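K.L.:
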Amino acid sequence: MLGKGGGFQSWSSFNESLSSLLKKSPTHSHLQEARRLHALMLVGSILNPDSNIAGQASLLGSRLVQAYAQLGCLDEALLAFGRLHCVDNIACNAILRAYVDSAHFSQAIHFFNHLVFKLGFIPDNYTCPLILKACSELCALEEGRKTHDLIRSAEVHYYFKPNVYTKCALIDMFAKCGSLDEARMVFDDMPQKERDLASWTAMICGTIHQGHGQEALCLFNTMRLEGTDPDSVVMAAILPACGDWEPRQEGMALQGCALKSGFHCDLFVSNAVMDMYCKFGDTHQAYSVFCSMPCKDVVSWSTLIAGYSQNCEYKRSLELYVEMINLGVKPSAIIVASILPTIGKLNLSEQGKVMHGFILKQGFDSDVVVSCALMEMYSSCGLAGELEVLLSLWSDWDIMIWNSAIAGHAACENFDLALSVFRKIWKSKCKPNSITLVSILPICTKWGHLNRVWKFTAMRLEAVLSELFQSAIHLSICTDLGMEQLSSCNNCLRQPDGNVLGCLLAACRVHNMVEPAYLLAKEILQDKLEDSGYHILLSNMYASTKKWEDASRVRVLIKEKGLRKKPGKSWIQIGNCTHIFDARGTTHSEFNKIQVFLETLMSEMKEPCVVDPCFSLPSL
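So the sequence shown is residues 46 to 665, counted in my numbering.
1) Three-state secondary structure (DSSP) at LEU646?
2) What separation, rounded to the nearest whole angstrom, lies between the Cα atoms of GLU295 and HIS329?
3) Can you tell me whether DSSP reads SER411 as helix, strand or coil?
4) Just to confirm, are ILE140 and ALA179 a CB contact at a threshold of 8 Å?
5) Which stretch, first to last residue, makes up the alpha helix (DSSP H) that contains MET218?
6) Determine, using beta carbons only, whether CYS340 and ALA331 come nearer to each other than 8 Å.
7) For a quick check, are the C-beta atoms of VAL381 and ILE404 less than 8 Å apart?
8) Identify the continuous alpha helix (DSSP H) that holds MET248 and give its terminal residues.
9) Is it right to say CYS213 is buried, meaning 16 or more other beta carbons lie within 10 angstroms of its own, or is it exposed?
10) Is it the case that the Cβ atoms of ALA286 and ILE253 are separated by a distance below 8 Å?
11) Quick one: measure Cβ to Cβ for PHE219 and GLY189, integer angstroms, because I've assumed they're closer than 8 Å.
12) What does a CB cutoff of less than 8 Å around GLN300 pick up in its chain, not counting 5 residues either side in sequence?
13) Since VAL209 contacts ASP241 with CB under 8 Å, what's their CB separation in whole angstroms?
14) For ARG80, does the three-state DSSP call read helix, strand or coil?
15) Answer with buried or exposed for GLN515, where buried requires no fewer than 16 other C-beta atoms within 10 angstroms of its C-beta.
16) Given ARG269, which residues of its chain have a CB within under 6 Å of its CB, disregarding the five upstream and five downstream residues?
17) Enumerated in chain order, which unbroken segments of the alpha helix (DSSP H) with a length of 4 residues or greater are wholly contained in the stretch 130-218?
18) Give a yes or no on whether the C-beta atoms belonging to ALA455 and VAL415 are separated by under 8 Å.
19) Looking only at C-alpha atoms, which of PHE325, SER383, ARG128 sits nearest to THR348?
20) Helix or strand or just coil, what does DSSP make of ASN371?
21) Could you tell me the alpha carbon to alpha carbon distance between ALA125 and ALA143, rounded to whole angstroms?
22) I need the straight-line Cα distance from VAL334 to LYS476, nearest angstrom please.
23) Are there any heavy atoms of the ligand ATP lying less than 7 Å away from the beta-carbon of LEU582, as far as the coordinates show?
24) Where does LEU215 land, buried or exposed, given buried means 16+ other C-beta within 10 angstroms?
25) Which residue from SER473, ASP443, ASN448 puts its Cα closest to that of ALA463?
26) Are there 16 or more other CB atoms within 10 angstroms of the CB of SER315, so buried, or fewer, so exposed?
27) Whole angstroms are fine: how far does the CA of LYS469 sit from the CA of MET400?
28) For ILE480, which residues in the same chain have their Cβ closer than 7 Å to its Cβ, ignoring the five residues on either side in sequence?
29) Applying the 10 Å Cβ sphere with the 16-neighbour rule, what's the burial state of ALA281?
30) Skipping 5 residues on each side, what residues in its chain have a beta carbon closer than 6 Å to that of ALA303?
31) If you drop the 5 nearest sequence neighbours on each side, which residues of the same chain put their C-beta closer than 6 Å to that of ALA228?
32) By the three-class DSSP mapping on this structure, what secondary structure does ARG128 have?
33) Spatial neighbours of VAL161 within its chain, please: C-beta separation below 7 Å, excluding the five flanking residues on both sides.
34) Considering only residues of the same chain and omitting the five flanking positions on each side of SER224, which have a CB-CB separation below 7 Å?
35) What does the alpha-carbon distance come out to for the pair VAL110 and VAL367?
36) How would you label MET248, buried or exposed, when you count the other beta carbons within 10 angstroms and need 16 or more for buried?
Structural data, given as structure tokens:
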């Protein structure tokens, strides 16, 4: 046993060495140093709880656990933790952080529960954000609620005071787990002076994550009114949300706010502005933003390439991809997943096979999103054989792969295989979603299984009821199913959105149900729906029943809202060149030549026709 003076001196030396290690980045040499110190402490009995420096020994043991955890050696950290005679928050938080940083979220929650319910551990403001992050990553709402209850209990019994980081973690956890009401309760309970940028960011980003763009914009405006200036993170989150909600004026105002705040050169904000304009359908403005960016990253290219594709400008999307390759920018898996559907839409099967080879070479074939995009490309090109090969090679199926398989088989008109895949989904652990239903229901109409699948899915998929309802309405247009089977779902919908109302209106027109259509018209006109198609459909319905004043009123409303109908497009492939035409016919690069040729044909058609007497009918 070391003497008092020697023991204290040794403890001080070890403590200083461990403190130095904790400040360094993890390397192999630093790990070796931690192991050396650990061995010396064991040999010198420094960690012995019976020594005359028991208090210092406990602290040294915790610092050793912290060092191992920070160096990424979780196994050795757990081994050192297991030998601690007195567990403190330093060691517990170190293990939790190691689990969370290495994405072992389930183990983090299990370890936390063991600490609390077996060892009587009381969490602090370092513990709570860690465990709440694990809950949010796993969408473990019930575990998150238990942690919240534990925090409130600690406030009462142990005078624990959660700081702004803990409260932000609570907001983020509830929002990501889909409980915006609970997130808002935590946020509203915060004193106004505590609501810093971090708490506003957590609330706004969580609201956007759940698809409530309009509510997020209201929060953003309230934040500014209360005197908190946004940073680039908030701006990069709120701008694309405006594109989803489609308030163009608000989006442009936010762009102006970003410029005034000095974010015009911020890469993330510029990418977000570009994404917003792509969602508005204004790819010309998105390209202007792209050209004005002083530096571009892979996300910049990916955003614009995907934007062109989503707005049916497939040729421009492919041209931009080629431009990117020529500039030496290496495509990421996201870019590859964006360009593959474009290749399929243009029916460029040979280029698609070349891209498939590139995917295999880069190792992107293990990426689920890329594989789904590859299936979509092959099915769009009608290459059922290649689609079958892809599906046979995939072993770890999730709902994205299942949905791609159904949609791919349907596109290739292999309806029996699509139904077979759907049956396999129910036998697997995957739960179908709205995309599954949108893919399978049209197939069922062709095979006479609609009633059976409708009842089966409607009974088990309450979470996607709205999307299921829209799918069924669409089917009622194509079949003799009628509208009566939709009434049960309609009663379950608390507040049908614009898409549901528009689908119902289309069904009413096909089935010539005039009176229900007029009732829907009032809701559509009152709703802040920015889709020109529904308004045009409504105007045409009024015109078909000779209600000219109502039809004219809707047309005026279209102009007042600034709505524009996207022109239809078609394309043909001649050799290796794809020619795209829109309804206006003026966008083709060789429009003038085409116009001259058409005029020539027209003039030839108008020339007098001289009939050869040999082909004339004999006189009767």
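Just so you know, even glycine gets a beta-carbon here, dropped at the ideal spot from N, CA and C. None of the values given here were measured: they were computed from a predicted structure.
P.N.:
Let's see:
1) Here residue 646 corresponds to residue number 601 of the sequence shown, with the count starting at 1. Helix.
2) Stepping through the sequence shown from its first residue, residue 295 is reached at position 250. Stepping through the sequence shown from its first residue, residue 329 is reached at position 284. Distance between the alpha carbons of GLU295 and HIS329 is about 19 Å.
3) One-based indexing of the sequence shown puts residue 411 at position 366. In the structure shown, SER411 sits in a helix (DSSP, three-state: H, G or I).
4) Taking the sequence shown and counting its residues from 1, the one referred to as residue 140 is at position 95. Taking the sequence shown and counting its residues from 1, the one referred to as residue 179 is at position 134. No. Outside cutoff.
5) Along the sequence shown, read from residue 1 onward, the residue named residue 218 stands at position 173. Looking at the DSSP string, the run of the alpha helix (DSSP H) that includes MET218 is 209-221.
6) Residue 340 sits at position 295 when you count from the first residue of the sequence shown. Residue 331 sits at position 286 when you count from the first residue of the sequence shown. Not a contact, by the Cβ cut-off of 8 Å.
7) In the sequence shown, residue 381 corresponds to position 336, counting from 1. In the sequence shown, residue 404 corresponds to position 359, counting from 1. Taking 8 Å as the Cβ cut-off, VAL381 and ILE404 qualify as a contacting pair.
8) The sequence position of residue 248 within the sequence shown is 203, counting from 1. Looking at the DSSP string, the run of the alpha helix (DSSP H) that includes MET248 is 242-254.
9) Position 168 of the sequence shown holds residue 213. Buried, since its Cβ has 16 or more Cβ neighbours within 10 Å.
10) Here residue 286 corresponds to residue number 241 of the sequence shown, with the count starting at 1. Here residue 253 corresponds to residue number 208 of the sequence shown, with the count starting at 1. Against a cut-off of 8 Å, the Cβ pair of ILE253 and ALA286 comes out as a contact.
11) Sequence index remark: in the sequence shown, residue 219 carries index 174 (1-based). Sequence index remark: in the sequence shown, residue 189 carries index 144 (1-based). The Cβ separation is near 7 Å, so the contact holds.
12) What you label residue 300 is simply residue 255 of the sequence shown in a count that begins at 1. Once the five neighbours on either side are set aside, the close Cβ partners of GLN300 are LEU284, VAL318, MET321.
13) Reading the sequence shown from its first residue, position 164 is the one you call residue 209. Reading the sequence shown from its first residue, position 196 is the one you call residue 241. Contact flag correct, Cβ pair sits at about 6 Å.
14) Here the question's residue 80 lines up with position 35 in the sequence shown. If DSSP states are grouped into helix, strand and coil, ARG80 belongs with the helices.
15) Walking along the sequence shown from the start, residue 515 turns up at place 470. Note that GLN515 has pLDDT 48, beneath the 50 cutoff, so the model's placement of it is unreliable and the number below is only indicative. With 16 or more other Cβ atoms within 10 Å, it is buried.
16) If you number the sequence shown from 1, residue 269 lands on position 224. Result list for ARG269: empty, nothing under 6 Å.
17) 134-146, 150-164, 172-183, 186-202
18) In the sequence shown, residue 455 corresponds to position 410, counting from 1. In the sequence shown, residue 415 corresponds to position 370, counting from 1. For ALA455 and VAL415, no; Cβs fall outside 8 Å.
19) Locating residue 348 in the sequence shown gives position 303, where the first residue counts as 1. Considering only alpha carbons, the answer is SER383.
20) Position 326 of the sequence shown, counted from the first residue, corresponds to residue 371. Of the three classes helix, strand and coil, the one that applies to ASN371 here is helix, per DSSP.
21) Taking the first residue of the sequence shown as position 1, residue 125 is located at position 80. Taking the first residue of the sequence shown as position 1, residue 143 is located at position 98. Near 14 Å, if we compare the C-alpha coordinates of ALA143 and ALA125.
22) Within the sequence shown, numbered from 1, the residue matching residue 334 stands at position 289. Within the sequence shown, numbered from 1, the residue matching residue 476 stands at position 431. Whole-angstrom Cα-Cα distance: 40 Å.
23) Although the ligand ATP was asked about, the structure shown includes no ligands whatsoever.
24) As a working mapping, residue 215 is identified with position 170 in the sequence shown. Buried, because 16 or more other Cβ atoms sit within 10 Å of the Cβ of LEU215.
25) As a working mapping, residue 463 is identified with position 418 in the sequence shown. When each option's Cα is compared against that of ALA463, the closest is ASN448.
26) Walking along the sequence shown from the start, residue 315 turns up at place 270. The residue in question, SER315, is buried, as its Cβ has 16 or more Cβ neighbours within 10 Å.
27) Here residue 400 refers to the residue found at position 355 when the sequence shown is read from its first residue. Here residue 469 refers to the residue found at position 424 when the sequence shown is read from its first residue. Taking the straight line joining both Cα atoms gives about 30 Å.
28) Looking up residue 480 in the sequence shown gives position 435. These residues qualify, in order along the chain: ASN448.
29) The residue given as residue 281 occupies position 236 in the sequence shown. ALA281 should be labelled buried.
30) Position 258 of the sequence shown holds residue 303. Only MET280, VAL314 meet the Cβ criterion.
31) Position 183 of the sequence shown, counted from the start, is the residue given in the question as residue 228. Here the set comprises ILE216, PHE219, ALA220, GLY251.
32) Position 83 of the sequence shown, counting from 1, holds the residue named residue 128. In this structure, ARG128 counts as coil in the three-state DSSP scheme.
33) Sequence index remark: in the sequence shown, residue 161 carries index 116 (1-based). Cβ neighbours of VAL161 beyond the five flanking positions: LEU195.
34) Working through the sequence shown from its first residue, we reach residue 224 at position 179. Within the same chain, SER224 has close Cβ partners LEU186.
35) Residue numbering aside, residue 110 sits at position 65 when the sequence shown is read from its first letter. Residue numbering aside, residue 367 sits at position 322 when the sequence shown is read from its first letter. Computed Cα separation, rounded: 52 Å.
36) Residue mapping note: residue 248 aligns to position 203 of the sequence shown, counting from 1. Per the 10 Å Cβ criterion, buried.
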